[in-house]
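Chemist: Got a structure here, written out as structure tokens. Questions coming.
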Amino acid sequence: MKLTLVAAVSVLSTLASGLALPDLTPRSTVIHPSIAILIKQDYPTTAFPPTNTAETSRSNQLHEVRTLLGYEVPPCTGTCTFSFPTAATTATGSAQVQLFSTIQYPQSGNTWNSKPSTNQELGAFQTSTTGAATVMQNFGLTFACPTTNTKLGFETHPVNDNDSVTWDVPTGGFILTCG
Ligand SMILES: *[C@@H]1O[C@H](CO)[C@@H](O)[C@H](O)[C@H]1NC(C)=O
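Count the sequence shown with mature numbering (1 follows the signal peptide of the UniProt record, and there is no 0) and you get residues -20 to -1, 1 to 159, in order.
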């Protein structure tokens, strides 16, 4: 009986982790962010201009830097999935990055203190300077396509202390593939 239970739990957990993996089926539309804005804990009221270099870092439990990312998603019929298919430009410490949704699209003028509220954690990625990032946690990296042009906002967070990850927004990092 015990063995049966263990086997059943093992099958269930395999199934659960299988279901938790992102659907990496190639899709027709690749969407890079239309805007990326750094927000810095050390400069809570400074509005940094939109940038091509995303950063996610923390040192000594402080000095956190996050990137607000905005994607303009056209209507489609299937699903959209986040991935990070390129090497990071720099990655130190554990090099892990969490991705959250925000309640609104980011805009110029956003600051650490004044920006769209963080909504839900969608997942976490293990980045590297040698290749694509891998998915560590998936709570919502795949979602249904919008039915109309939709502007979606997201925010990156460091996972651990003394971590820093940077990437080139126009050519790599977090992308959406939709179709
Ligand atoms: C992060 O770095 C600081 C020194 O800069 C050190 O005191 C602290 O222990 C480090 N934290 C971790 C988790 O390694």
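Just so it is clear, CB atoms sit at the ideal spot from N, CA and C, and this is done for glycine as well.
No experiment lies behind these values; they were computed from the predicted model shown.
Can you give the Cα-Cα distance for D22 and T57, rounded to whole angstroms?
Modeler: If I take the Cα positions, the gap works out to 42 Å.
Chemist: Just to confirm, does S37 get its C-beta within under 7 Å of one of the non-hydrogen atoms of ligand 1?
Modeler: No - ligand 1 has no heavy atom lying nearer than 7 Å to the Cβ of S37.
Chemist: Report the residue from G50, P55, N32 whose alpha carbon sits nearest the alpha carbon of Q87.
Modeler: Ranking the options by Cα distance to Q87, first place goes to G50.
Chemist: I'd like the span of the beta strand (DSSP E) that includes V77, first residue to last.
Modeler: Its beta strand (DSSP E) spans residues 76 to 82.
Chemist: Between F80 and P55, what straight-line distance do the alpha-carbon atoms span, to the nearest angstrom?
Modeler: Cα to Cα, F80 sits roughly 22 Å from P55.
Chemist: Buried or exposed: Q78, going by 16 or more other Cβ atoms within 10 Å of its Cβ?
Modeler: It is buried - the Cβ of Q78 has at least 16 other Cβ atoms within 10 Å.
Chemist: Heavy atom of ligand 1 less than 7 Å from the Cβ of F141, yes or no?
Modeler: With the sequence shown as reference, residue 141 is identified as Asp, and Phe is not the correct amino acid for it. Correct: D141 has its Cβ closer than 7 Å to ligand 1.
Chemist: I'd like the span of the beta strand (DSSP E) that includes S39, first residue to last.
Modeler: From DSSP, the beta strand (DSSP E) with S39 extends over 33 to 39.
Chemist: Less than 7 Å separating the Cβ of N40 from some heavy atom of ligand 1?
Modeler: For ligand 1, at least one heavy atom lies less than 7 Å from the Cβ of N40.
Chemist: Is it true that the CB of K95 sits closer than 8 Å to the CB of L156?
Modeler: No, the pair does not count as a contact, with Cβ atoms beyond the cut-off.
Chemist: Whose CA, out of G159, D143, A113, T98, lies closest to the CA of F123?
Modeler: Selected option, being the one with the closest Cα: G159.
Chemist: Under a Cβ-count criterion, where at least 16 other Cβ atoms within 10 Å of its own Cβ denotes burial, should I17 be classed as buried or exposed?
Modeler: So I17 ends up on the buried side.
Chemist: Between which residues of its own chain and D141 is the CB-CB distance below 8 Å, once the five residues before and five after are set aside?
Modeler: Contacts found: R38, S39, N40, Q41, G73.
Chemist: Indicate whether L121 and Y85 have their beta-carbon atoms separated by less than 8 Å.
Modeler: Not in contact: L121 and Y85 (Cβ atoms no closer than 8 Å).
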